[in-house]
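What follows is a single structure, written as structure tokens, with notes after it.
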Amino acid sequence: MRSDGRSAGELRPIGFERDFTEMADGSVLVSFGRTRVLCTASVDPEVPRWMRGRGTGWVTAEYSMLPGSSPERVNREAARGRQSGRTQEIQRLIGRSLRAVTDAAKLGERQVICDCDVLQADGGTRTAAISGAYVALHDALTRLVLAEEIEAHPILEACAAVSVGMVDGVPSLDLPYEEDVAAAVDMNVVMTESGRFVEVQGTAEGQSFDRKELDELLDLAASGIGQIIARQNRLLSDPPAAR
């Protein structure tokens, strides 16, 4: 048993609250335990300048930790005039993950920007952001289809992410902060519904790991992601409310 009462292969309580805000084309408040991320998707009728004339669209993402998201206040990066390397890495990961399951040609020449703002951080903010941003993106694109602005839904399949790690020698799923900082191996895995990998970020923090341990962690991640995607699909089986 872990400190929060879960077994090693058990996810934290997960929630998706759709249309958490009313102005964005799609929005969701996603929670993984005490980690909470507000994800919104906004449709821009124009693609970036370098994509104009291609007849295809673009999906991108921005990520931030809000000042009150951790016990010590997180300074706004805008006040410093530049983003940290960590922020740039995470938002690129979110964008890559969403583009992996989106047919850009069906979007036409429009861009969807997914903003992921961490309201409360307790480990797994990037994986929660990916899982929530997918729901927000799906709702935004569904509304385009319902409004007959595009002919077919651009989403190819579902996408989600989860963290895994070796904690006290045990492969463990969905790490909260206290486990994340103590894990000998820390890994973030992004997968599609068909079981294909979008990205695997794995690091030995305290000791190296072998192929058997890697396979155990990937199998554990696949099991957790399958559960997350099942929840996403149940949620999205009903179309979003009309605007």
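Going by the numbering used here, the first residue of the sequence shown is number 17, and it counts up by one from there.
Virtual Cβ for every residue (Gly too), placed ideally from N, Cα, C.
Note that the structure is predicted; figures quoted are calculated from it, not measured.
What is the rounded straight-line gap between the Cα of residue 99 and the Cα of residue 93?
Sequence index remark: in the sequence shown, residue 99 carries index 83 (1-based). Sequence index remark: in the sequence shown, residue 93 carries index 77 (1-based). Roughly 6 Å between the two C-alpha positions.
Leaving out five residues before and five after residue 247 in sequence, what residues of the same chain have Cβ atoms less than 8 Å from its Cβ?
By 1-based counting over the sequence shown, the position of residue 247 is 231. Residues of the same chain with a CB within less than 8 Å of the CB of residue 247, apart from the 5 flanking positions on each side, are 30, 32 in chain order.
Look up residue 50 in the DSSP assignment and say whether it is helix, strand or coil.
The residue labelled residue 50 in the question sits at position 34 within the sequence shown. For residue 50, the secondary structure class from DSSP, reduced to helix, strand or coil, is coil.
Would you call residue 113 buried or exposed, if buried means 16 or more other Cβ atoms sit within 10 Å of its Cβ?
As a first step, residue 113 is located in the sequence shown; it is residue number 97 there, counting from the start. Counting Cβ neighbours within 10 Å, residue 113 comes out buried, since at least 16 surround it.
Can you tell me the Cα-Cα spacing of residue 192 and residue 70, whole angstroms?
Against the sequence shown, residue 192 aligns to sequence position 176. Against the sequence shown, residue 70 aligns to sequence position 54. C-alpha separation (whole angstroms): 43 Å.
Residues in its own chain within less than 6 Å of residue 150 by CB, not counting five upstream and five downstream?
To locate residue 150, count along the sequence shown from 1; it is residue 134. Only 175 meet the Cβ criterion.
Does residue 161 come out as helix, strand or coil in the three-state DSSP assignment?
Residue numbering aside, residue 161 sits at position 145 when the sequence shown is read from its first letter. Residue 161 carries a helical assignment under DSSP once its states are collapsed to helix, strand and coil.
Going by alpha carbons, who is nearest to residue 164 out of 173, 34, 249, 124?
Walking along the sequence shown from the start, residue 164 turns up at place 148. Closest by alpha carbon: 124.
Alpha-carbon spacing of residue 80 relative to residue 229, whole angstroms
Sequence index remark: in the sequence shown, residue 80 carries index 64 (1-based). Sequence index remark: in the sequence shown, residue 229 carries index 213 (1-based). Near 32 Å, if we compare the C-alpha coordinates of residue 229 and residue 80.
For residue 138 and residue 241, what's the separation of their Cα atoms in angstroms?
In the sequence shown, the residue the question calls residue 138 occupies position 122. In the sequence shown, the residue the question calls residue 241 occupies position 225. Those two C-alpha atoms are separated by around 19 Å.
Helix, strand or coil: how does DSSP classify residue 24 here?
In the sequence shown, residue 24 corresponds to position 8, counting from 1. The DSSP-derived three-state label of residue 24 is coil.
Assumed close pair residue 209, residue 245 - CB separation to whole angstroms, cut-off 8 Å
Position 193 of the sequence shown holds residue 209. Position 229 of the sequence shown holds residue 245. 5 Å between Cβ atoms; contact.
Could you tell me whether the Cβ atoms of residue 58 and residue 129 are closer together than 7 Å?
Reading the sequence shown from its first residue, position 42 is the one you call residue 58. Reading the sequence shown from its first residue, position 113 is the one you call residue 129. Yes, Cβ-Cβ distance for residue 58 and residue 129 is below 7 Å.
Taking Cβ to Cβ, would you say residue 148 is nearer than 7 Å to residue 53?
Counting from 1 along the sequence shown, the entry for residue 148 is found at position 132. Counting from 1 along the sequence shown, the entry for residue 53 is found at position 37. Yes, the pair counts as a contact, with Cβ atoms nearer than the cut-off.
For the beta strand (DSSP E) containing residue 80, list its first residue and its last residue.
For this step, residue 80 is matched to residue 64 along the sequence shown. 74–81 is the span of the beta strand (DSSP E), which, as asked, contains residue 80.
Below 6 Å CB to CB, which residues in the same chain sit around residue 115 once its five sequence neighbours on both sides are set aside?
As a position in the sequence shown, residue 115 is number 99, starting the count at 1. If the five residues before and after residue 115 are omitted, its C-beta is found closer than 6 Å to the C-beta atoms of 75, all from its own chain and listed in chain order.
Residues near residue 142 in its chain [Cβ-Cβ closer than 8 Å; skip 5 each side]:
Here residue 142 refers to the residue found at position 126 of the sequence shown. Counting only Cβ-Cβ distances below 8 Å, and skipping sequence neighbours, we find 79, 106, 109, 110, 177, 204.
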